[in-house]
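Take a look at the structure set out below.
Chains as they are written, first to last, in the numbering used here: chain X, 5 to 607; chain C, 5 to 607.
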């Protein structure tokens with residue numbers, strides 16, 4: 005039994021709740037089966053336990069360093085990065101012709117979750133390459149695809165997203181990196197700098213392939229002027245593609261490495277492009293379409309970040325659960341005789357509350373993220389109707405799937421630290437590392453505030469509210485399902501109550517939108533939080549339906565305990581978390597626009 | 005203007021809200037005045053800015069190390085520790101005859117707050133010594149006081165609290181360190197080990213004086229068998245008291261040093277006592293009264309921890325405020341033209357919300373903690389009636405004053421990191437350090453869970469509910485005051501609404517206590533949270549009353565902005581924080597005792 009996730013819960017979500025085997029009815033996935041899925045998950049578990057998890061602590065204690073202009077990562081990562089490639093993890097979802105396995109994204113994502121729960125820093129290297137390669141294969145020319153993707157798939161070359169600049173973080177349209185045409189069509193001279201680039205440079209690979217946003221000189225201003233380029237650290241050389249010796253330098257320099265609170269094993273770099281005026285970038289797709297293309301990777305990355313956050317919080321939960329079962333401290337409240345032995349702290353209601361909190365947010369978030377990954381697969385292979393529904397639901401819920409697990413992951417890992425008490429604050433246990441690692445997720449790939457603006461300001465109205473209607477239909481269907489189980493009927497009613505409340509809140513806010521955009525969006529972050537709680541309540545009632553159905557069918561012993569655990573956690577979520585929408589709704593519908601009445605001098 | 009706290013807000017709380025000058029009417033404080041108080045606060049600010057703050061980062065990066073059985077702290081701390089002593093900070097509240105300044109504890113606490121906001125790790129050394137010395141002078145014999153306190157006051161010797169053991173954290177009654185009488189009355193042979201002892205050993209002092217809990221062999225079991233001892237690292241030698249050369253070793257060994265997530269500059273040690281059977285401990289006061297005596301230091305330490313947490317969150321708030329005023333990113337929502345310059349992020353409603361959140365919890369917590377310190381002074385010098393009221397309010401609110409700022413400090417420092425975005429996650433800025441440092445406070449000096457049990461299980465019923473009645477009278481008095489101001493009347497009504505709600509919740513829970521103690525206390529942590537919110541709402545309305553009165557009296561410009569800022573923050577707190585009691589109350593009065601229905605197999 006691994007210490008950092010529950011294979012059983014993962015399979016419950018995939019097979020019992022989401023029924024992902026049904027994907028094999030589609031042509032693209034027809035060679036797959038539950039057996040092949042299990043082989044992948046088992047292989048991921050094995051790799052995670054034997055190769056990633058043992059490096060968790062040492063990669064935090066021995067940070068990457070910048071030495072002579074090159075970032076050095078932990079030497080044990082070198083072989084692991086190659087193995088990720090050679091074992092096929094990087095291009096597993098891609099077509100056979102591309103060397104892929106046409107593996108459903110939901111299974112690939114599940115494998116990623118396992119890696120992330122074992123060692124988040126180690127896991128980012130291959131998945132960044134997957135995302136970068138996916139951009140190339142989606143929008144790039146055959147020439148570019150042939151020049152770059154093979155070695156990205158093998159793990160020899162690292163892929164990155166190079167977007168952020170010193171003056172352009174949340175506001176991507178303000179990037180200033182420029183691209184100037186050269187005599188060679190499609191090749192541009194790139195000049196500028198990028199910061200906080202994950203895996204932006206390191207010695208575990210022979211080349212780094214940046215998918216970079218820049219503005220072509222003379223193009224339209226703002227977001228419309230952004231184009232997407234492939235900018236490698238070293239230029240691929242046709243004659244030498246079989247070997248990597250002496251690839252020409254492409255004038256990409258590592259100006260610095262940032263040291264971070266956590267997530268230390270994966271370096272983030274400050275890169276300068278074209279300081280010698282000799283940096284070539286190859287246009288991907290059409291000019292001025294950069295942001296549109298990049299949004300494919302960003303949307304994948306957003307769901308990815310939600311999954312990362314869930315994985316870290318999952319590892320923390322399991323660590324705190326193991327500790328709580330073993331650590332004796334105190335006695336039950338009714339025990340007056342202090343001569344009796346101390347009891348394991350799991351016996352205390354407050355510890356159970358903190359465990360249930362973690363279990364509910366991590367397992368519920370995993371269910372949501374696997375659902376999102378499944379929608380992404382259906383948006384790829386489904387019928388027209390399936391594609392519309394899946395892509396609208398995915399669009400609508402992406403800000404939620406990114407932000408709720410990210411924000412709650414910080415609270416969950418905090419609960420894990422709290423359960424370990426003083427010991428949890430020391431470096432003797434891993435929970436303090438998880439607490440530090442969790443904190444990046446509400447920030448990168450769009451801060452929580454940005455996603456609040458996206459959800460309330462764009463997604464709720466998407467396609468004239470059609471996406472929202474699809475979502476409410478999902479909630480209603482789950483509620484209807486729950487009506488079949490007597491013990492779940494009250495929760496169906498409660499889900500309906502809160503769905504109605506959220507619809508009233510949404511209506512109230514949309515009413516404000518007409519008069520005053522700033523007022524409309526002022527508390528978008530709180531709206532996002534409430535929406536996330538409702539979404540997870542939906543996921544929990546969905547899981548409760550499945551669990552109850554299986555209990556009714558006659559599950560016993562171990563299996564029954566597992567399923568009862570799902571019901572108990574769903575109860576916890578409705579009793580402790582869902583109620584939070586009450587006060588969020590009260591604030592969201594209050595007439596007092598406090599944050600708009602602010603003058604700087606008031607602080 | 006220092007970067008880490010607001011002298012103005014501190015003085016507003018002390019002089020305008022709490023009117024601490026009135027303390028000088030009491031004999032013990034009669035030589036003091038606002039002028040002497042300001043001298044002390046100015047001196048604290050000066051020392052904090054010039055000597056503590058510059059060491060903030062380096063003490064985090066260059067952790068103490070255990071070398072040849074001795075802990076080495078940052079060398080720059082050596083002179084600073086002596087200066088704390090020689091400048092009189094350690095014994096400032098004590099009597100003139102003791103070398104003290106008979107300084108009100110509220111002013112001493114305010115000075116401590118300034119030190120903590122500048123550099124928490126540096127600040128703990130002197131304040132631990134103050135607490136340890138206070139135990140000695142309160143309960144120890146003249147012999148002990150004379151042997152130990154002079155060098156503790158001068159800063160030459162470090163004081164500590166030595167309570168925690170590997171199997172006794174929350175459950176102090178389970179300590180196993182023993183004390184065996186020797187031929188010399190009052191001198192015992194100590195055997196055992198203590199862990200997580202702050203400043204438990206270091207090379208910045210010539211001796212370490214542990215106030216240690218142990219059980220005398222043959223004594224009663226459990227808590228009743230605990231006695232308090234002074235156990236120095238080196239035995240004081242009468243002939244050699246003037247110098248410290250070659251003081252006899254007292255068989256106290258530093259077995260290890262713990263490395264922590266934050267708060268790194270102050271070492272926490274694993275100590276073994278009596279491994280050579282030659283460790284002398286000197287009984288303080290009467291045998292078997294140890295826990296009672298230690299509670300004096302623990303209760304001081306609890307308010308102290310609340311203050312520490314507030315200080316760290318205050319420093320984070322000011323760092324994020326400065327950043328938000330300067331960092332340009334994005335444009336106002338209504339600005340469609342991306343060619344216009346980016347605006348400072350303080351312009352965005354969501355950033356303002358996060359700033360107001362931090363301002364409200366830090367300034368509100370500081371007000372509460374200064375009120376607690378004032379009650380401690382009144383419990384010392386007041387008339388019988390004043391003493392009863394002050395000590396009951398202090399008793400009741402100590403768990404709140406410890407826990408609310410501690411828990412909210414973690415959220416506040418998180419908001420500071422969030423405001424800085426990606427930069428906030430790097431070590432280029434101090435907010436990530438504040439985030440790590442904040443996390444210890446919900447744990448030490450009693451976990452939040454322990455304080456929840458204390459508040460609901462003991463304090464609410466203290467003296468047949470008399471303490472609670474004093475508290476409600478305070479809330480009512482503030483509400484009545486607020487009625488005088490038209491703009492504050494709605495908030496007076498809201499405070500009354502929530503006071504009534506909390507009373508109903510309390511009544512409901514006390515009703516459960518009769519039938520089922522476990523059920524009664526199962527959600528004590530949530531009760532503590534709700535109580536804390538109500539307490540801070542009371543503090544905010546109190547401050548709003550003072551601010552509005554001064555605005556009515558004709559404050560202008562700078563002063564008016566400062567006071568308007570108080571009113572705005574009070575509005576924020578009522579609109580965003582006070583409403584949280586709604587959902588906490590819903591959970592606390594729910595018939596579903598989820599956390600009692602748990603079996604381990606369900607996780």
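We put the beta carbon where it would ideally sit given N, CA and C, even for glycine.
For the stretch 338–350 of chain X, which residues have a CB atom closer than 8 Å to at least one CB atom of chain D, in sequence order?
As a matter of chain content, chain D is missing from the structure shown, whose protein chains are X and C.
Between the beta-carbon of residue 582(C) and the beta-carbon of residue 548(C), is there less than 8 Å?
Result no, Cβ atoms of residue 582(C) and residue 548(C) do not sit closer than 8 Å.
Which two residues bound the contiguous beta strand (DSSP E) that contains residue 217(C)?
That run of the beta strand (DSSP E) goes 211–220.
Does the beta-carbon of residue 560(C) have 16 or more other beta-carbons within 10 angstroms, so that it is buried, or is it exposed?
By the neighbour-count rule (16 or more Cβ atoms within 10 Å), residue 560(C) is not buried but exposed.
Along the alpha helix (DSSP H) that carries residue 298(X), what are the first and last residues, could you check?
Residues 294–330.
When you compare only the Cα positions, how much space is there between residue 453(C) and residue 476(C)?
Straight-line Cα distance between these residues: approximately 24 Å.
Under 8 Å: do the stretch 307–325 of chain X and the stretch 399–413 of chain X share three or more Cβ pairs, one atom per stretch?
In short, these stretches touch, since the Cβ pair count reaches three.
Whole angstroms is fine: what's the gap from residue 134(C)'s alpha carbon to residue 335(X)'s?
Distance between the alpha carbons of residue 134(C) and residue 335(X) is about 33 Å.
Could you tell me if residue 484(C) is buried or exposed, where buried requires 16 or more neighbouring beta carbons within 10 angstroms of its beta carbon?
It counts as exposed.
By the DSSP assignment, the alpha helix (DSSP H) with residue 251(C) in it spans what residues?
First-last for residue 251(C): undefined, no H or E at that position.
List the residues that DSSP assigns as beta-bridge partners of residue 198(X).
Paired residue(s): 275(X).
Helix, strand or coil for residue 262(X) per DSSP?
Of the three classes helix, strand and coil, the one that applies to residue 262(X) here is strand, per DSSP.
Assign residue 147(X) to buried or exposed, taking buried as 16 or more other Cβ atoms, counted over all protein chains shown, within 10 Å of its Cβ.
Burial call: exposed.
Quick one: complete alpha helix (DSSP H) runs, 4+ long, within the stretch 18–74 of chain C?
Correct list: 38–51 and 60–65.
Kindly indicate which three-state DSSP category residue 340(C) falls into: helix, strand or coil?
Residue state, collapsed to three classes: coil.
List the whole-angstrom C-beta distance separating residue 3(X) from residue 521(C), where the pair is believed to meet the contact cut-off of C-beta under 8 Å.
Nothing about residue 3(X) can be read from this structure; chain X reaches only from 5 to 607.
Taking Cβ positions only, does residue 274(C) come closer than 8 Å to chain X?
No, no contact with chain X.
Is it buried or exposed for residue 105(C), if we count other Cβ within 10 angstroms and need 16 for buried?
The residue is buried, with at least 16 neighbouring Cβ atoms inside 10 Å.
Who are the near neighbours of residue 143(C) in its chain, counting only those whose CB is closer than 6 Å to its CB and skipping five residues on each side?
Result list for residue 143(C): 288, 289 and 297, in chain order.
Would you give the residue range spanned by the alpha helix (DSSP H) that residue 2(C) belongs to?
Given that chain C is displayed from residue 5 to residue 607, the structure contains no residue 2(C) and the question cannot be resolved.
Among residues of its own chain, excluding the 5 on either side of residue 301(C), which ones have a beta-carbon nearer than 8 Å to its beta-carbon?
For residue 301(C), where only same-chain residues beyond five positions count, the Cβ hits under 8 Å are 135, 136, 138, 139, 165 and 215.
Using C-beta distances below 6 Å, list every residue in its chain close to residue 244(C), excluding the 5 sequence neighbours before and after it, in chain order.
In this prediction, residue 244(C) scores a pLDDT of 47, lower than 50, which makes its location untrustworthy; no coordinate-derived value is stated.
By Cβ distance, which residues of its chain are closer than 7 Å to residue 276(X), with the 5 residues on each side in sequence left out?
Closer than 7 Å at the Cβ level, and outside the excluded window around residue 276(X), lie 197, 257 and 259.
For residue 164(X), report the span of its beta strand (DSSP E) as first-last.
Segment 161–166, the beta strand (DSSP E) holding residue 164(X).
Can you say whether residue 375(X) is buried or exposed, counting buried as having 16 or more other CB atoms within 10 angstroms of its CB?
Buried: at least 16 other Cβ atoms inside 10 Å.
In whole angstroms, give me the CA-to-CA distance for residue 594(X) and residue 464(C).
Each residue's alpha carbon lies about 33 Å from the other.
Determine, using beta carbons only, whether residue 20(C) comes closer than 8 Å to chain X.
Not one chain X Cβ lies under 8 Å of residue 20(C).
DSSP on residue 443(C), reduced to helix/strand/coil?
Three-state DSSP puts residue 443(C) in coil, outside helix and strand.
Would you identify the three-state DSSP class for residue 188(C), choosing helix, strand or coil?
Correct three-state label for residue 188(C): coil.
Anything in chain C within Cβ reach of residue 364(X), meaning under 7 Å, just list it in chain order.
Under the 7 Å cutoff, chain C gives no residues; its nearest Cβ is about 10 Å from residue 364(X).
May I ask you to list the residues that DSSP assigns as paired with residue 193(X)?
Looking at the DSSP assignment, residue 193(X) forms a beta bridge with 184(X) and 284(X).
What residue from 51(C), 122(C) and 108(C) has the CA that sits closest to residue 89(C)'s CA?
That would be 51(C), whose Cα lies nearest to the Cα of residue 89(C).
Any contact between the stretch 490–504 of chain C and the stretch 537–553 of chain C? By contact I mean 3 or more CB pairs, one from each, below 8 Å.
The stretch 490–504 of chain C is in contact with the stretch 537–553 of chain C.
Round the Cβ separation of residue 354(C) and residue 529(X) to the nearest angstrom and send it over; I've been treating them as touching at under 8 Å.
Confirmed, Cβ separation roughly 5 Å.
Which term fits residue 163(C), buried or exposed, when burial requires 16 or more other beta carbons within 10 angstroms of its beta carbon?
The residue in question, residue 163(C), is buried, as its Cβ has 16 or more Cβ neighbours within 10 Å.
Mind listing the chain C neighbours of residue 431(X)? Cutoff is C-beta to C-beta under 9 Å, in chain order.
Neighbours of residue 431(X) on chain C, chain order: 262, 263, 264 and 265.
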